[in-house]
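Participant: This is the structure I want to talk about, given as structure tokens.
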Amino acid sequence: MSNVPLEFAVGSLAGILDCVLLHWVDTFKVRRQDGRALLLDLKTGGALSFKGMAPPAAAGAAFRSAYAGFSTNFSLKVPYMAGMFACMEANRVVLDATERFLGRELSPTARQAVCAALTGVEVSLLLSPLEMVRIQGQNCGKGGLFDATRAVLDTAPRPRSAAGVVRTFGRGLGATSQRELKYCLGQFFLCGIISREVAAALGGDAERDFLPNVVGACLGGVACTAVSHPDDVIKTRMQTHLRGSQLHGAYGSYLSSLRYILQTEGVAALFKSAAIRCLVRVPLGLTVITLSSSVFRKALEPAFAGGGASAERASLTG
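Counting in the UniProt record's numbering, the sequence shown runs from 1 upward without gaps.
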């Protein structure tokens, strides 16, 4: 039995926890990808200077810089995670119906991979414009959710048209889709395979044991992040340099961005902040999500009739 609302609620809570704990890592990642100081002076756009500051004031300034754009990230992370979990469950339901209609069944492994890949493409449609707003807050000092959204809207071509606004907020969608497809295959497919193999080797249970899930989240996270990181760098560049930026044209499309980066900075630039994302952000994030989602799911199941069976099939443990 399907329970898309349960998965939506689980994803929402996991997204809140992830954002509160790890927003600073997201901030450092996008700044490093665009060659900016990790601790940015939000007024000048240069590196934050602690000269003449008392320790409490310096700590406060560092915190404000690291958590710049928090409202934009929060407004991104929660619907993104909710949509991801709900789409994964909805895709499973649609695939079930399709299999019954065709009279053919995929293997459990193939089913999980197909659902994960579809989820990556689907959530990109929501995620891409939200990430642009977040990056304008984190990288460009455009403020919180409303100010950063207005800043993006102000870059739309004039006279203003619906098509122009859609193109403006759709900038970087191709790069986002490629990244999310790979990421969701890692999160919903590869992590589960690894956790089950680890549990089998240890004689444990991948659904209940702590260690297999953590190992699966960390190793699967590193793998999917490594292959998707160039997409993430290209997306960040495209969504940082909007209309009005001198580099707007250079980062006009996925291929032109790739060509410009390779010509001016070399292959290494495609892996800027890879250590932060591969070894810190995604493994930590997937560990938080994997462990917290199972707790949230068990707590919420009584409120959602029939939630248990479907939730297990849509869970991060595969």
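We put the beta carbon where it would ideally sit given N, CA and C, even for glycine.
Could you tell me the distance, in whole angstroms, from the CA atom of S71 to the CA atom of T149?
Facilitator: Near 11 Å, if we compare the C-alpha coordinates of T149 and S71.
Participant: So, at 7 Å on beta carbons, what are the nonlocal neighbours of M132 in its own chain, with the 5 sequence-adjacent residues on each side left out?
Facilitator: Excluding sequence neighbours, M132 sits near V152, F169, R171, G172 and Q239.
Participant: So A199 and A206 are in contact, right, with Cβ under 8 Å, and what is the actual spacing, rounded?
Facilitator: Between A206 and A199 the Cβ distance is about 4 Å, and since that is below 8 Å, they are a contact.
Participant: On the criterion of 16 or more Cβ atoms from any shown chain inside 10 Å, does E180 qualify as buried, or is it exposed?
Facilitator: That one is buried.
Participant: If I follow the unbroken alpha helix (DSSP H) through P157, where does it start and stop?
Facilitator: Looking at the DSSP string, P157 is not in any alpha helix (DSSP H), and its letter there is neither H nor E.
Participant: Please return the same chain residues whose Cβ sits closer than 7 Å to the Cβ of T155, not counting the five positions on each side in sequence.
Facilitator: Closer than 7 Å at the Cβ level, and outside the excluded window around T155, lie T168, L242, R243 and G244.
Participant: So which of A299, L125, P212 and S292 has the shortest CA-CA distance to G15?
Facilitator: Answer by Cα proximity: S292.
Participant: Terminal residues of the continuous alpha helix (DSSP H) containing R243?
Facilitator: That residue, R243, is in no alpha helix (DSSP H); it is neither H nor E in DSSP.
Participant: Could you compute how far the alpha carbon of P283 sits from the alpha carbon of V222?
Facilitator: The straight-line gap from Cα to Cα measures roughly 6 Å.
Participant: Kindly indicate which three-state DSSP category L258 falls into: helix, strand or coil?
Facilitator: Helix.
Participant: Could you give the C-beta distance for L286 and Q178, rounded to a whole number, given that I count them as a contact under 8 Å?
Facilitator: Contact flag wrong, Cβ pair sits at about 19 Å.
Participant: When the Cβ atoms of the region 91–99 are set against those of the region 135–148, are three or more pairs found closer than 8 Å?
Facilitator: Touching, no.
Participant: Quick check on T317: buried or exposed, where buried means 16 or more other Cβ atoms within 10 Å of its Cβ?
Facilitator: The predicted model places T317 with a pLDDT of 39, which falls under 50 and marks its position as unreliable, so this point remains unresolved.
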